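Right, one structure below, let's go through it.
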Amino acid sequence: MSALGVLSFTQQGWEQVLAKVKRAVVYLDAACAESLHWGCGSMRLLEAVGGPACQLREFEPDAVGGGVKQPKAVFVLSCLLKGRTVETIRDIICRSHFQYCVVVTAVSHAVHLTANHVPAAAAAELEGQHPVFEQLEEKLCEWMGNMNYTAEVQHVPLLLAPAAPYLALTPAFASLFPLLPQDVHLLNSARPDKRRLGSLGEVDASTLTPNLLLQIRCLVSGLSSLCEHLGVREECFAVGSLSRVIAADLANYAPAKNRRKNATGRASVVFVDRTLDLTGTPSNLLLFGHAKHVPVSGPLKFLCVSAWSVLSGAVGHHGDNLVEKIISVLPQLPGHTNDVMVNMVELTALQHGEENQNVIAPGCLAQSNDTAAKALWEALLNTKHKEAVMEVRRHLVEAASRENLPIKMSMGRVTPGQLTSYIQLFKNNLKALRNHCGLLQLGLATVQTLKHPQTAKWDNFLAFERLLLQSIGESSISTVLSQLLPMIKPSTQRTNDDYNPEELLILLIYIYSVTGEFVVDKDLGDAEEKVKKALAQVFCEESELSPLLQKITGCDSSINLTFHKSKIAVDELFSTLRDAAGARSLMKQFKSVCVPGNHSHQATYKPLLKQVVEEIFNPEKPDPVDIEHMSSGLTDLLKTGFSMFMKVSRPHPSDHPLLILFVVGGITVSEAKMVKDLVASLKPGAQVILLSTRLLKPLNIPELLFATDRLHPDLGF
């Protein structure tokens, strides 16, 4: 059993797919493409197909069908085979000449039975049978036009996109985000004849919407397959309301019962809600710049002198990471949630004009088939910014030396210009380019990040967040909002150093999340109203609404956005911010992420994940207060009951040699490294696998927090 299990689990799944794709037209949906991207690489699939690149296609309603000389199709899908998904398969087949169709789904047959409303008792009797898949096989033959043609439908758990040996993401669940208190009202409105929910603490599987519950079951199906691959019987724990539902569903997942009986290993699976700590997201974990550049006014001014010590003291080992900066400033790779586009024009003879941006395919961070590039990638994940940049230089120098390129050694500080000069050496050498393509992509990602104007702006932005942390520790939230007010400027008055609407939203989320529960008084009401009015006006005066502002305001154009509409949207936005502030209200032990300052110490931020891991590996092993164990049946219930009268030890998350920590709603690179290092220091020899729905960058949090479809995810039907 090894933390490398996430990679072998993913690759084993893809080997099953690759065995089916020879000479086929392959249709992939976005989540499966991302799993392939990080786990094996698209070249591995193309090699298995053995045909031209045009035989690899995106799964969408308008996808090109197969021609007369393309008799075989393989559909690789992350979702349930139901509704629009099945209609799209049908439409593609009907305009093709296929005689052999294979459909691979990442969702187990057991979940398909649930989606088709088959009762649990009837589903148990069907163990080992696959009627839903068999019915679809018949339909595939019917759509191909001949019942004697060949059709196969099978389940392969393509759940993960492994970003590192200890870190994997779940692309199909990138939009899954924990519930907020306001969601309780929506759940209550959908159950008029049933008992009203008083708080998130009362939410369970029976109270969720059918689509959200089905989405959770799809995730649980994949996690159960991972546990089977690892050969472990899992004990499930949860921190937070949605995590509790997911952990309980995994603990009681009927198809897993036999698997657990035969498991030789043991593991603890701990789910944690992201909403319990929105402060730990990339916007404030990146350790940038000096506060002397930060535009501050009013009571914040006196804090400038000590800002650098605040920055280094507050985050310590945590946050000074090059990968986080790359993810934050480079554009997202189309169709992906966890990778970025690297401009490769530098290595061609093309000019650098905008018209040439899309001529050359972009590079990326995932280098699954390049051993040297993977080694560099893992070094970037695990080192601080300065060491990471030096590591990039070292790898480029070694690669150039191996290719006998005329490199001029340069010591001292690494500059973007120096790295560019090394990369340019490969430009006219096709063999060297091929040999080190992955390394050059990571090198260019580094250069483009260091030179990006947004990086300098984030320096100032993030230093200001640290000043806010100090101010929050010493002032009321109304005072902090008043200090923020002068920085809310319309586009006509903003300079490059001022904050745009999205950055203001990130700051507001930071303020409310780190503050936690607070008393609403007249001062706060007045301060909020002033900020709301200024923000609503700024939204109205934007020349063009960003996708996030379109989502928040419900307007696709600034022309249609009146002040009245904008104010309504901002009022709802602040209601969500208050919910975020109260997210830890049900916690007893993990109630705060802010350690207040005093006359000798400055206020510091203590990440919730750090608190959770420290509690798990507390040598005293006290009964966890906020880390709930989820019973998996009668035996566990009896243990819990007997423990009230007899000396029966309850399951504890540190009982087992493997800890699987799943953050529901996204994780940052810095947090992943922090947890890995913390486990190694607290319990040497223990293994940890970190899973999450996505890698977070600054704008992800407003997008997820202000989303309106948390309770009704689109499952394709």
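Numbering-wise, the sequence shown is residues 601 to 1317 according to the numbering used here. Glycine included, each C-beta is placed from N, C-alpha and C at the ideal position. Fair warning: this is a prediction, and the values are worked out from it, not measured in the lab.
May I ask which residues mark the beginning and end of the alpha helix (DSSP H) holding residue i?
i, result
"R1002", "H985 to R1002"
"H712", "H709 to A715"
"A1356", "The structure shown does not extend to residue 1356, since the chain is modelled only from 601 through 1317, so no value can be given for it."
"A785", "At residue 785 the sequence reads His, which differs from the Ala that was named. Start and end: P781 to S789."
"A1280", "V1269 to L1282"
"R690", "R684 to C694"
"I1007", "Here I1007 belongs to no alpha helix (DSSP H), and DSSP marks it neither H nor E."
"N982", "T971 to N982"
"K1031", "L1030 to N1035"
"G1017", "P1016 to Q1024"
"F733", "P731 to M744"
"T1153", "P1147 to T1153"
"K1304", "Per the sequence shown, the amino acid found at residue 1304 is Leu instead of Lys. Element bounds for L1304: N1300 to L1305."
"K1320", "In this structure the chain extends from 601 to 1317, so residue 1320 is not present and cannot be described."
Please list, in chain order, all residues of the same chain as residue i whose beta carbon is under 8 Å from its beta carbon, the five residues on each side excluded.
i, result
"G801", "S841 and L1186"
"E978", "A764 and P765"
"I1023", "E946, L947, L996, L1040, G1043, L1044 and V1047"
"T1049", "L922, K925, I926, V929, L930 and T1055"
"P1053", "N1096"
"T937", "E634, L769, P771, A774, R1294 and L1295"
"Q611", "G639 and C640"
"R1006", "The question names Arg, yet the displayed sequence has Pro at residue 1006. Excluding positions up to five away in sequence, the list reads L1025."
Counting only the same chain and skipping the five closest in sequence on each side, list residues whose C-beta sits under 7 Å from that of residue i.
i, result
"H730", "H709"
"L900", "Confidence in L900 is poor, its pLDDT being 35 and thus under 50, which makes the residue's placement unreliable; the coordinate value appears in the next sentence. Excluding residues within five positions, the ones whose Cβ falls inside 7 Å are L1067, S1071 and Q1083."
"F902", "Note that F902 scores 29 on pLDDT, short of 50, meaning its location in the model is unreliable; the coordinates nonetheless yield the value given after this. Within the same chain, F902 has no close Cβ partners at all."
"L1315", "C679, L680, N811, L814 and Q815"
"K853", "Position check: residue 853 holds Tyr in this sequence, whereas Lys was assumed. Cβ within range, chain order: V820 and S824."
"V664", "R657"
"N716", "V732"
"V1275", "L1209, V1213, L1261, V1288 and L1290"
"D1223", "R1250"
Given residue i, which residues of its chain have a CB within under 6 Å of its CB, disregarding the five upstream and five downstream residues?
i, result
"L1145", "S1158"
"E1003", "A1032"
"H917", "Here H917 scores only 30 on pLDDT, less than 50, and its place in the model should not be relied on; the value that follows carries that caveat. Excluding residues within five positions, none has a Cβ falling inside 6 Å."
"D1123", "S1078"
"G613", "V756, P757 and L758"
"L1081", "A1127 and V1131"
"S868", "E835, P1253, H1256 and L1259"
"G822", "P757 and L759"
"A972", "L1039"
"L713", "A723"
"K1027", "L947"
"V621", "A648, V649 and V674"
Any idea which residues DSSP pairs residue i with across the strands?
i, result
"F1163", "For F1163, which the question treats as bridged, DSSP gives no partner whatsoever."
"Q616", "In DSSP, Q616 forms no bridge with anything."
"E1324", "Outside the shown range of the chain (601 to 1317) lies residue 1324, about which nothing can therefore be said."
"S1292", "L769 and V1263"
"K672", "Y700"
"L1258", "A867 and Q1287"
"G963", "V942"
"Q1137", "Answer by DSSP bridge pairing: none, since Q1137 is not bridged."
"L776", "L776 pairs with nothing; no bridge assigned."
"L677", "T705"
Check whether chain C comes within 9 Å of residue i, counting only Cβ atoms and requiring the distance to be less than that.
i, result
"Q1202", "The structure shown contains no chain C; it is built from a single protein chain."
Within the continuous beta strand (DSSP E) that includes residue i, where are the two ends?
i, result
"P762", "A761 to A764"
Scan the stretch 1045-1127 and note each continuous beta strand (DSSP E) run of 3 residues or more that stays entirely inside, going in chain order. none
Between the stretch 1291-1304 and the stretch 757-776, are three or more C-beta pairs nearer than 8 Å? yes
Inside the stretch 791-876 only - alpha helix (DSSP H) runs reaching at least 4 residues: 810-830, 841-851 and 856-862
Beta strand (DSSP E) segments (min. 3 residues) lying fully within the stretch 619-661: 625-628 and 656-658
In chain order, which alpha helix (DSSP H) runs of at least 4 residues are fully inside the stretch 1177-1236? 1208-1216
If you pair each beta-carbon of the stretch 630-640 with each one of the stretch 668-675, do three or more pairs fall below 8 Å? no
At least 3 beta-carbon pairs within less than 8 Å: the stretch 1284-1291 vs the stretch 1300-1317: no
Within 8 Å, do at least three Cβ pairs link the stretch 684-698 to the stretch 789-800? no
The stretch 1255-1269 / the stretch 857-873 touching (three or more Cβ pairs under 8 Å): yes
Determine contact between the stretch 774-790 and the stretch 1168-1184, defined as no fewer than three beta-carbon pairs at a distance below 8 Å. yes
Three or more C-beta pairs below 8 Å linking the stretch 829-838 and the stretch 1165-1182: no
Inter-stretch contact (C-beta, 8 Å, three-pair minimum) for the stretch 1153-1169 and the stretch 1133-1141: yes
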